[in-house]
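*Asks:*
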Amino acid sequence: MKTTIQLVVLSGALAVTSLAVAETGKGYDINTVGEPQVMSDGTIVREAGTDSIWFMEGQPEGFPSIVKARCTAIYVMGPDYSNKGSTFRCTATDADGDGYVNVGSITGADWSVCSFKTVAGWGKYAGAAVSGVCQPTGSFAGPDTGSFHWRGEWALAE
0 MKTTIQLVVL SGALAVTSLA VAETGKGYDI NTVGEPQVMS DGTIVREAGT
50 DSIWFMEGQP EGFPSIVKAR CTAIYVMGPD YSNKGSTFRC TATDADGDGY
100 VNVGSITGAD WSVCSFKTVA GWGKYAGAAV SGVCQPTGSF AGPDTGSFHW
150 RGEWALAE
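The sequence shown begins at 0 in numbering that gives the first Met the number 0 and counts up by one.
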């Protein structure tokens, strides 16, 4: 049997049922590498690396509410910076050294269609499976920063 944990990144309170735990969370990025390259047709390609911190509330017992993440992404944009198809990979690690790897994509021209899934985990996250939707929410402190939120569902091995 698996325990299901629903991640809901909206303002709200912790809701607990026998099968699900809803939580809130938000992530903040600081871009550490990546200069945009302009292609001959005007398309902009930026390979970027970020250092991130993710804040979550309502975690199950034994799971921390803060993790750090190292993310890499390839952003493909039109001359107007509309999204033409972008991908990312994040390795999240908690204070115990346990963690997981998420991969995802952003496909909406207005950056609105974002999805992710966990492809690997170790320590307390071993055997975890998560998938969901995410939304970039813009800069929080200048051009090389970003924020985002997500909604998904975790299935944890007992």
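Idealized CB from N, CA, C, for every residue including glycine. The structure displayed is predicted, hence computed values, not measured ones.
Report the residue from A154, M55, M76 and G77 whose alpha carbon sits nearest the alpha carbon of D93.
*Replies:* Selected option, being the one with the closest Cα: M55.
*Asks:* Counting only the same chain and skipping the five closest in sequence on each side, list residues whose C-beta sits under 8 angstroms from that of S146.
*Replies:* The residues are K25, G26, Y27, D28, P135, T136, G137, S138 and F139.
*Asks:* What would DSSP say about G98, mapped onto helix, strand or coil?
*Replies:* Here G98 sits in strand by DSSP.
*Asks:* Put P142 into one of helix, strand or coil per three-state DSSP.
*Replies:* The answer is coil: DSSP assigns P142 none of H, G, I, E or B.
*Asks:* How far does the beta strand (DSSP E) with M38 in it extend, from its first residue to its last?
*Replies:* Unbroken run through M38: none, as it is neither H nor E.
*Asks:* Taking the CB atoms as reference points, tell me whether V118 and G151 lie closer together than 7 angstroms.
*Replies:* Cβ distance not < 7 angstroms, so V118 and G151 don't count as in contact.
*Asks:* Buried or exposed: which applies to Y74, given that a residue is buried once 16 or more other Cβ atoms fall within 10 Å of its Cβ?
*Replies:* Buried is the call here.
*Asks:* Have a look at the DSSP bridge pairing and note the partners of S114.
*Replies:* S114 is bridged to S104 and V132.
*Asks:* So what's L13 in DSSP terms, helix, strand or just coil?
*Replies:* Unreliable positioning characterises L13 in this predicted model, as indicated by a pLDDT of 29, which lies under 50. The coordinate reading is nonetheless provided below. L13: coil per DSSP, three-state reduction.
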